[in-house]
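All the letters of the sequence shown, read from the start, carry residue numbers 1 to 230 under UniProt numbering.
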Amino acid sequence: MMAAQSLGPVTVLVQPEKVWLEATPAGPTATVAQVTKLSGLVPPRFRVLVLAAAFTGLRWGELVALRRCDIDLDGAAVHVYRRLAEHKNGEIEAGPTKSVAGARTVALPEVLVGELRGHIAEFAEEGTEGLVFTGDRDGPLRRGNFHRSTAWTRTVVAAGLPSGFHFHDLRHTGNHLAATAGASTRELMHRMGHGSMRAALIYQHATSERDRAIARRLNDLVQRDEDDDG
Numbered sequence: 001m002m003a004a005q006s007l008g009p010v011t012v013l014v015q016p017e018k019v020w021l022e023a024t025p026a027g028p029t030a031t032v033a034q035v036t037k038l039s040g041l042v043p044p045r046f047r048v049l050v051l052a053a054a055f056t057g058l059r060w061g062e063l064v065a066l067r068r069c070d071i072d073l074d075g076a077a078v079h080v081y082r083r084l085a086e087h088k089n090g091e092i093e094a095g096p097t098k099s100v101a102g103a104r105t106v107a108l109p110e111v112l113v114g115e116l117r118g119h120i121a122e123f124a125e126e127g128t129e130g131l132v133f134t135g136d137r138d139g140p141l142r143r144g145n146f147h148r149s150t151a152w153t154r155t156v157v158a159a160g161l162p163s164g165f166h167f168h169d170l171r172h173t174g175n176h177l178a179a180t181a182g183a184s185t186r187e188l189m190h191r192m193g194h195g196s197m198r199a200a201l202i203y204q205h206a207t208s209e210r211d212r213a214i215a216r217r218l219n220d221l222v223q224r225d226e227d228d229d230g
């Protein structure tokens, strides 16, 4: 007997030892080239924040909560223990991650380690508890100030991205890149800080769709070449 489980945008058809997945992408994603271009268009203080969002998949609140002591440059890892939440009254509150699964250690690609090292030396607050990503006047980075300082909507368009591309879509980009790099469902769940399979399966499905599209284009190229030879 096969059962169908609805998970919002994901439908999983389950049979012993078999899983069929239908899903839609979680949100728009950027290419590595677009991420690099975008990071070069924002003010220098925020350049590595863009790279870190895209290459770790951390949430905004997790990124702006990072302290010097949370980043192990020698071990190429970031320890995610907490997040900053900005309330409607303007108060910023530090608290634990959204869930138990949200507390995690995420490995960093080597290219990001060097970028973080330079950023910390130039922009991070002093001391082991000093914030890594801060506002123009130091202190916690507020989302509204970030958007104003970066002229976000105009800047993403200049980077070749749609005007509706949000900062959170850099997280989608990071998760998509991890799936493309071959991360298993469990590995994606860990990097994303999710306790359920739902979101991880979305990214894996999107990657398999991309792989099938590549195969179709390869097939067209082969057929075209055979037709030319004929």
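All residues carry an ideal CB built from backbone N, CA and C; glycine is no exception.
Figure out for me which residue from the options has the closest Cα to the Cα of residue i.
| i | options | result |
| --- | --- | --- |
| proline 96 | Leu63, Ile120, Leu108 and Glu125 | Leu63 |
| glycine 114 | Thr185, Gly75, Gly57 and His176 | Gly75 |
| tyrosine 81 | Phe146, Leu141, Asn175 and Ile71 | Ile71 |
| leucine 66 | Arg83, Glu93 and Glu91 | Arg83 |
| leucine 51 | Ser184, Thr185, His168 and Arg224 | His168 |
| glutamate 110 | Thr56, Arg143 and Gly130 | Thr56 |
| glycine 144 | Thr36, Glu91 and Ala183 | Glu91 |
Taking the alpha-carbon positions, what's the residue i to residue j distance?
| i | j | result |
| --- | --- | --- |
| proline 25 | glycine 135 | Since pLDDT at proline 25 reaches only 49, below the 50 mark, its modelled position is unreliable, and no value is offered. |
| leucine 170 | tryptophan 60 | 10 Å |
| tryptophan 152 | cysteine 69 | 29 Å |
| alanine 30 | alanine 181 | 15 Å |
| proline 162 | glycine 27 | 12 Å |
| phenylalanine 165 | alanine 159 | 11 Å |
| valine 132 | alanine 53 | 13 Å |
| residue 241 | arginine 224 | Residue coverage of the chain in this structure runs from 1 to 230, which leaves residue 241 outside it and unanswerable. |
| glutamate 86 | serine 149 | 18 Å |
| lysine 98 | leucine 58 | 12 Å |
| glycine 174 | alanine 124 | 23 Å |
| valine 35 | arginine 47 | 10 Å |
| glycine 130 | alanine 94 | 13 Å |
| leucine 21 | glutamate 187 | Here leucine 21 scores only 36 on pLDDT, less than 50, and its place in the model should not be relied on; the value that follows carries that caveat. So the two alpha carbons sit approximately 18 Å from each other. |
| alanine 77 | lysine 88 | 32 Å |
For residue i, which residues from the same chain have a beta carbon less than 7 Å from its beta carbon, with the 5 sequence-adjacent residues on both sides left out?
| i | result |
| --- | --- |
| alanine 33 | none |
| histidine 190 | Arg104 |
For residue i, which residues does DSSP report across the bridge?
| i | result |
| --- | --- |
| proline 96 | Arg82 |
| valine 106 | Val78 |
| threonine 134 | Pro140 |
| arginine 67 | Leu131 |
| aspartate 72 | Ala77 |
What first and last residue would you give for the alpha helix (DSSP H) that runs through residue i?
| i | result |
| --- | --- |
| serine 149 | 143 to 150 |
| leucine 177 | 168 to 180 |
| lysine 37 | 32 to 41 |
| histidine 190 | 185 to 192 |
| phenylalanine 46 | 44 to 56 |
Under a CB-based cut-off of 8 Å, is residue i close to chain C?
| i | result |
| --- | --- |
| threonine 105 | Of the chains in the structure shown, none is chain C; there is only one protein chain. |
Which residues in the same chain as residue i place their Cβ atom closer than 6 Å to its Cβ, once the five residues preceding and following it in sequence are excluded?
| i | result |
| --- | --- |
| threonine 128 | Arg68 and Cys69 |
Among residues of its own chain, excluding the 5 on either side of residue i, which ones have a beta-carbon nearer than 8 Å to its beta-carbon?
| i | result |
| --- | --- |
| arginine 117 | Leu73 |
| valine 156 | Leu38, Pro162, Ser163 and Phe165 |
| aspartate 220 | none |
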